[in-house]
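Residue numbers (the numbering used here): 112 to 341.
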């Protein structure tokens, strides 16, 4: 009889251990929509993480796909019945049109990692085509040029006010007149390299007077070789 009581007690203890566990729940569901945003805009959303289990929930690393980040902004230890917050941010600089991204919240919940999905629509009022200045086989000490076409897709005129580039010898000519809605301008860049490099991969930022896109980015691609007199 005594042995049976001990066995029953052990079974109850094991059962309690099995059923004592944290459970993670995202308030409002695991999907949300940022809606419309202008290219270059950074948006954020705080999501509430609930512990619906009966053991302490420990939030671990938050993994994010390209273009977004996730950060635990409250205590990562959430007692049963309590809640915490995770901040999800998205940088739309390198995106246009519809986007779909995920953020993975790791925790000690038996269900494993929790995936949160979000969507959004990136509106590009300032379009650039192609999206890079291409300097193919540029030569040290010699002037090379490349160009892109910038189009105003907004309903208001804007001007290009300044630019910034980390590449020595890079020059960009900006138009002085405002760019009217629906019109395009050709931007011509020149490069007089100071040293050779196999790969050019940098970014030039262009400041604008646009209220929605105050800064646009154009990549600088190509290569630079030593000049050889023929």
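Backbone N, C-alpha and C define an ideal beta-carbon position, used for all residues, glycine too.
| Check | Outcome |
| --- | --- |
| Neighbour-count burial assignment, residue 246, 16 or more Cβ in a 10 Å radius | buried |
| CA nearest to the CA of residue 181, picked from 234, 200, 299 and 170 | 200 |
| Of the listed residues 163, 336, 183 and 206, nearest to residue 253 (C-alpha basis) | 336 |
| Alpha-carbon spacing of residue 352 relative to residue 276, whole angstroms | Not covered by the structure: residue 352. The range shown for the chain is 112 to 341. |
| CB-CB length for residue 289 against residue 265, believed under 8 Å | With a Cβ gap of about 12 Å, residue 289 and residue 265 do not count as contacting. |
| Sequence-distant residues of its chain with Cβ nearer than 8 Å to residue 159 (five each side left out) | 137, 138, 139, 194, 195 and 196 |
| Best match in 146, 168 and 161 for proximity to residue 131 [C-alpha to C-alpha] | 168 |
| Distance between residue 272 and residue 176 (C-alpha atoms, nearest Å) | 33 Å |
| Residue interval of the beta strand (DSSP E) (run including residue 179) | 179 to 183 |
| Three-way DSSP call (helix, strand, coil) for residue 156 in this model | strand |
| Secondary structure of residue 243, DSSP reduced to three states | strand |
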